[in-house]
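Report on one structure; see the data block that follows.
There are 2 protein chains.
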Amino acid sequence: MHILVIGAAGMVGRKFVERLATDGRLGAKPIARMTLHDVVAPAAPAGAPFAVETVASDFSLPGEAEKLVAGRPDLIVHLAAIVSGEAEADFDKGYRINLDGTRHLFDAIRRIGDGYRPRVIFTSSIAVFGAPFHDAIDDEFFLTPLTSYGTQKAIGELLLADYTRRGFFDGIGIRLPTICVRPGKPNKAASGFFSGIIREPLAGQEAVLPVPDTVRHWHASPRAAVGFLLHAATMDTAAIGPRRNLTMPGVSVTVAEQIEALRKVAGDKVVALIRREPDPVIAGMVAGWPRNFDPQRALALGFKADDSFEAIIRAHIEDELGGRIPA
Amino acid sequence: MHILVIGAAGMVGRKFVERLATDGRLGAKPIARMTLHDVVAPAAPAGAPFAVETVASDFSLPGEAEKLVAGRPDLIVHLAAIVSGEAEADFDKGYRINLDGTRHLFDAIRRIGDGYRPRVIFTSSIAVFGAPFHDAIDDEFFLTPLTSYGTQKAIGELLLADYTRRGFFDGIGIRLPTICVRPGKPNKAASGFFSGIIREPLAGQEAVLPVPDTVRHWHASPRAAVGFLLHAATMDTAAIGPRRNLTMPGVSVTVAEQIEALRKVAGDKVVALIRREPDPVIAGMVAGWPRNFDPQRALALGFKADDSFEAIIRAHIEDELGGRIPA
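As they're listed, the protein sequences go chains E and P. Here our numbering is used: the first residue of the first sequence is 8, the next is one more, and so on. Here our numbering is used: the first residue of the second sequence is 8, the next is one more, and so on.
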């Protein structure tokens, strides 16, 4: 089969592609070819047992999405997005990439026609929800984005469902939890501390915690995110019905519970590297974010969360630190 | 003040404009000027005590929305839409008018900038909801459109909320119930019988009822719809908060209750003009439509439904039949 990944240079995209390169197959089907796309050329995975083509372009520009789908990939994984902060700072750019880009892609698939009907996975976000909401948001709660990014993701979900209903493709939208522990350098994202307070201490470095211990949030490991994509790519979509967008399962923990899990895995000395430095601006933003979900539909359809926050930390140590905590 | 009505040639648009022409003012403010737009030139209301300009154009084409808002209207009422059946039959046209047209309009307002921030009323629809749903859909139920029209309206709602949040205009979206009794000739809409079984018998003509008496639906008179628009145009929008789209209140009745109301108002002879002719296709479509709502937010914000289905029939007789049932 032929797989197209749009946004393949991002963290989740890279891990998904590496996993496929290791497996050589998707479910029971051997992979013959992958096309990896991003605004900068993605790296081809080392040692992939199939042909890999890398493409760098702005897929929101006229004609670019058509080129990407012209080879009729069997599976299209759409991970590309202008992230929350940038979509808020640059209104036009956010709408151009996140709304127009997504719609151009969907239309390019539709225009091929001729019986072409690929599986399309759209990665949405819990940013489609904005406060106030219930303590555990259920699968029928309405979309109340409080950012342009969340608005654009919610619109992508609606388009995905309608284009699927019309038979243009076989779409599934998955709302990812906050990915934790995100590997790599600290970034400026307001949510960055959720990963930072685990990642930096495990690397022997100090991390700043800007919010109270009582803050609760919704997490999934990069490994779980790859699992969501693999399941979305291979599952029987007939079971989903017309409501094609699903909140992925996650682990809901408070910051205090994150810290206690870290203590259990890595000890007091590592935990002591977390420095509390309250930041009212970040605390204010985080107060409007979802804390917990009741994702019964995704669970019933076979999507699997991490077992616990401790398991999330252990997955990080295995996947990013070679299984060892640096002394 | 200057009012722009887009979609002014439609039934609700005409009644709204006629009401403003009679009043000469909107709330406390005298109307200086109205611009009436539609794809065909709308009729100017007779005897309006203000200047009326009529414009015919396709507002989804580049530059057209800019022309409409260049005069900086204080209030913009956006009623234009490709209706459900046509948006389903002509995919490109539905998206071009209902999504692109709406977005072009919103962007044209945004691009004026310079402190311009008009009140914008967007008429949405209960078609943003699709089965299965609760018996009475509450204000937090998620949007589950099962038509391209409903999808386009849901996207318009999301854009309205985001553009309002960003301060580009002061938007309010109102989800209209099915308008009943719709005046004029019978049309091909699958929902047409809800009006037809009242309108035709009152005019001494036979009407066909294609669904069982037990079918329940959500209704508002044209008079109530005009009331919603007037309230949305004059209310204090600060009370709404960031969730700018509201399900309007209506009257939930079964077809049997519609018929008994007609009997009470007009007698057995009129009711005898309703002929039952089951149509499984129409019955199947109607089975997926909302039956009842619990529109607490709109009620708390001062929107008023008709008192009863009997009141809806009496409003039709007063407004369309000169207060008399033809013998």
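Glycine residues also receive a C-beta, built at the ideal position from the N, C-alpha and C atoms. All values derive from a computational prediction rather than experimental measurement.
Alpha-carbon to alpha-carbon, residue j and residue i
i                      : j                      : result
residue 233 of chain E : residue 314 of chain P : 55 Å
residue 305 of chain P : residue 12 of chain E  : 44 Å
residue 289 of chain E : residue 197 of chain E : 6 Å
residue 125 of chain P : residue 176 of chain P : 5 Å
residue 95 of chain P  : residue 98 of chain E  : 31 Å
residue 137 of chain P : residue 112 of chain E : 26 Å
residue 327 of chain P : residue 212 of chain P : 16 Å
residue 75 of chain P  : residue 182 of chain P : 24 Å
residue 101 of chain E : residue 93 of chain E  : 7 Å
residue 6 of chain E   : residue 318 of chain E : The structure shown does not extend to residue 6 of chain E, since chain E spans only 8 to 334, so no value can be given for it.
residue 179 of chain P : residue 106 of chain P : 17 Å
residue 114 of chain P : residue 323 of chain E : 44 Å
residue 245 of chain E : residue 295 of chain E : 35 Å
residue 58 of chain P  : residue 239 of chain P : 23 Å
residue 108 of chain E : residue 68 of chain E  : 8 Å
residue 185 of chain P : residue 116 of chain P : 29 Å
residue 329 of chain P : residue 271 of chain P : 19 Å
residue 224 of chain P : residue 56 of chain E  : 58 Å
residue 54 of chain E  : residue 118 of chain E : 35 Å
residue 49 of chain P  : residue 160 of chain P : 23 Å
residue 41 of chain E  : residue 158 of chain P : 32 Å
residue 18 of chain P  : residue 325 of chain P : 17 Å
Three-state class that DSSP yields for residue i in the structure shown
i                      : result
residue 132 of chain P : strand
residue 154 of chain E : coil
residue 8 of chain P   : coil
residue 281 of chain E : strand
residue 85 of chain E  : strand
residue 41 of chain E  : strand
residue 247 of chain P : coil
residue 259 of chain E : strand
residue 36 of chain E  : strand
residue 165 of chain P : helix
residue 220 of chain E : coil
residue 144 of chain P : strand
residue 332 of chain E : coil
Beta-carbon contacts of residue i that lie in its chain and below 6 Å, excluding the five residues immediately before and after
i                      : result
residue 202 of chain P : 187, 188 and 189
residue 256 of chain E : 302, 305, 306, 310 and 312
residue 87 of chain E  : 13 and 14
residue 84 of chain E  : 12 and 128
residue 20 of chain E  : 12, 14 and 86
residue 104 of chain E : 67 and 89
residue 72 of chain E  : 66, 111, 112 and 115
Element boundaries [alpha helix (DSSP H), containing residue i]
i                      : result
residue 204 of chain P : 199 to 209
residue 238 of chain E : 229 to 241
residue 115 of chain E : 109 to 119
residue 29 of chain P  : 18 to 30
residue 269 of chain E : 262 to 273
residue 15 of chain P  : No alpha helix (DSSP H) holds residue 15 of chain P; DSSP gives it neither H nor E.
residue 306 of chain E : 303 to 307
residue 215 of chain P : Here residue 215 of chain P belongs to no alpha helix (DSSP H); instead the beta strand (DSSP E) covers 214 to 216.
residue 75 of chain P  : 71 to 76
residue 315 of chain P : Note, residue 315 of chain P: premise wrong, no alpha helix (DSSP H); not H, not E.
residue 336 of chain P : In this structure chain P extends from 8 to 334, so residue 336 of chain P is not present and cannot be described.
residue 93 of chain P  : 91 to 96
Element boundaries [beta strand (DSSP E), containing residue i]
i                      : result
residue 180 of chain P : 177 to 183
residue 60 of chain P  : 58 to 63
residue 253 of chain P : 252 to 254
Nearest-angstrom beta carbon gap, residue j and residue i [assumed within contact, 8 Å]
i                      : j                      : result
residue 110 of chain P : residue 166 of chain P : 6 Å
residue 283 of chain P : residue 216 of chain P : 5 Å
residue 220 of chain E : residue 254 of chain E : Rounded, the Cβ-Cβ distance is 26 Å, inconsistent with contact.
residue 123 of chain P : residue 79 of chain P  : 6 Å
residue 205 of chain P : residue 308 of chain P : No, residue 205 of chain P and residue 308 of chain P are not in contact; Cβ-Cβ is about 29 Å, not under 8 Å.
residue 91 of chain P  : residue 156 of chain P : 4 Å
residue 43 of chain P  : residue 61 of chain P  : 5 Å
Interface residues of chain A facing residue i [CB-CB closer than 9 Å]
i                      : result
residue 147 of chain E : Here chain A cannot be found, since the structure's protein chains are E and P.
Contacts around residue i, its chain only, beta-carbon distance under 8 Å, and the 5 residues preceding and following it disregarded
i                      : result
residue 140 of chain P : 148, 151 and 297
residue 280 of chain E : 207, 208, 211, 212, 213 and 214
residue 168 of chain P : 178, 180, 249, 250, 251 and 252
residue 32 of chain E  : 38
residue 273 of chain P : 208, 209, 320 and 332
residue 200 of chain P : 214, 215, 216, 217, 218 and 289
Close beta carbons around residue i, own chain, < 7 Å, minus the five adjacent residues each side
i                      : result
residue 47 of chain P  : 16 and 63
residue 222 of chain P : 261, 262 and 293
residue 25 of chain P  : 52
residue 143 of chain E : 299, 300 and 301
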